[in-house]
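Trainee: If you scroll down you'll find the structure; I have some questions about it.
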């Protein structure tokens with residue numbers, strides 16, 4: 085068996101990838117999203133009670149349909165970063181990467197020598213030894229996503245972008261606009277300039293640009309702008325809005 089960088093492999097076939105944040109901790113939600121044709125699922129450990137036992141089943145559910153699954157890990161504590169890769173995550177997303185020092189700290193944790201200092205394991209990540217060249221292949225196959233979500237990150241973007249070992253610079257528009265003093269106003273010139281700077285930095289350092297959106301219209305706009313990794317929903321947000329519409333529409337019809 086040979087490892088593959090599933091993110092880059094999909095991008096070789098498509099111009100862009102669509103995905104969802106999954107905060108429900110539910111493998112069946114991952115499976116349904118995969119059945120519906122989404123390209124990736126971000127398993128959200130930052131804003132949910134998701135644990136590793138549930139995550140394994142969520143990753144398996146994605147793999148059954150060829151979907152990419154990776155966690156967003158809240159802490160930059162290295163043991164958790166390594167454990168999610170040890171259980172078979174296809175990569176990792178790190179929020180609030182603000183400095184080149186933080187970026188290098190993450191790469192040290194998730195990459196094997198000589199790029200980092202991750203230790204060997206024989207768990208689900210290397211498929212219990214079925215990947216004979218896991219140590220050689222994992223650094224390229226397991227992708228790393230840095231979330232750019234603050235003014236400080238934008239100021240340090242050139243230094244963050246040049247860090248070897250990362251694959252994606254992903255804009256968290258909500259936190260970025262909040263930190264810039266324009267919460268939710270993505271048309272503010274300062275916010276727009278920051279987002280443009282991420283695209284420019286990705287082009288300069290051969291990184292993949294990613295961004296969060298919340299509607300088909302917004303996603304289409306970002307794709308036309310040049311973003312390649314685009315999240316279009318949160319599974320619990322969709323569940324809340326869809327069930328509310330169903331309830332309210334039924335009440336309207338009854339009168």
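Residue numbers (this note's numbering): 85 to 339. The beta carbon of each residue, even a glycine, is placed where N, CA and C say it ideally should be.
For residue 133, report the span of its beta strand (DSSP E) as first-last.
Mentor: Segment: none, residue 133 is in no beta strand (DSSP E) and carries neither H nor E.
Trainee: May I ask you to report which of helix, strand or coil DSSP gives residue 169?
Mentor: Reduced to three states, the DSSP call for residue 169 is helix.
Trainee: Beta carbon of residue 166, beta carbon of residue 211: below 8 Å?
Mentor: No; because the gap between Cβ atoms is not below 8 Å, this pair is not in contact.
Trainee: Is the distance from the Cβ of residue 274 to the Cβ of residue 199 below 8 Å?
Mentor: Not in contact: residue 274 and residue 199 (Cβ atoms no closer than 8 Å).
Trainee: Under 8 Å: do the region 181 to 193 and the region 114 to 133 share three or more Cβ pairs, one atom per stretch?
Mentor: At 8 Å Cβ cutoff, the stretches do not touch.
Trainee: Name, in chain order, the residues that DSSP records as bridge partners for residue 156.
Mentor: For residue 156, which the question treats as bridged, DSSP gives the partners 128, 177.
Trainee: Rounded to whole angstroms, what's the CA-CA distance from residue 251 to residue 283? Just pull it up for me.
Mentor: Rounded to whole angstroms, residue 251 to residue 283 spans 13 Å at the Cα level.
Trainee: Can you tell me whether residue 199 is helix, strand or coil according to DSSP?
Mentor: Looking at residue 199 - three-state DSSP - the assignment turns out to be coil, as it is neither helix nor strand.
Trainee: Exposed or buried, which one is residue 197 when buried takes at least 16 other CB atoms within 10 Å?
Mentor: Exposed, since its Cβ has fewer than 16 Cβ neighbours within 10 Å.
Trainee: Going by DSSP, what residues sit across from residue 275 in a beta bridge?
Mentor: Partner(s): none; residue 275 has no beta bridge.
Trainee: For the pair the region 253 to 273 and the region 285 to 300, tell me if three or more CB-CB distances fall below 8 Å.
Mentor: Judged by Cβ distances under 8 Å, the region 253 to 273 makes contact with the region 285 to 300, as three or more pairs qualify.
Trainee: Let's test the definition: count the other Cβ atoms within 10 Å of the Cβ of residue 309 and tell me whether it reaches 16, buried, or not, exposed.
Mentor: Its Cβ having fewer than 16 others within 10 Å, residue 309 is exposed.
Trainee: Leaving out five residues before and five after residue 312 in sequence, what residues of the same chain have Cβ atoms less than 8 Å from its Cβ?
Mentor: Closer than 8 Å at the Cβ level, and outside the excluded window around residue 312, lie 95, 99, 100, 101, 292, 293, 294.
Trainee: Can you give me the C-alpha to C-alpha distance between residue 126 and residue 336, rounded to a whole angstrom?
Mentor: Approximately 36 Å, taken between the alpha carbons.
Trainee: Ordered along the chain, which non-local residues of its own chain (more than five positions away) have a Cβ less than 6 Å from that of residue 145?
Mentor: Cβ within range, chain order: 111, 114, 115.
Trainee: Where in the region 206 to 247 do unbroken runs of the beta strand (DSSP E), each at least 3 residues long, occur, reported from the N-terminal end onward?
Mentor: Those beta strand (DSSP E) runs which fall completely within the region 206 to 247 and span 3+ residues are 227 to 232.
Trainee: Report the residue from 300, 97, 89, 315 whose alpha carbon sits nearest the alpha carbon of residue 342.
Mentor: Since the displayed the chain opens at 85 and closes at 339, residue 342 lies outside it and no answer follows.
Trainee: From residue 272 to residue 238, what distance separates their C-alpha atoms?
Mentor: So the two alpha carbons sit approximately 15 Å from each other.
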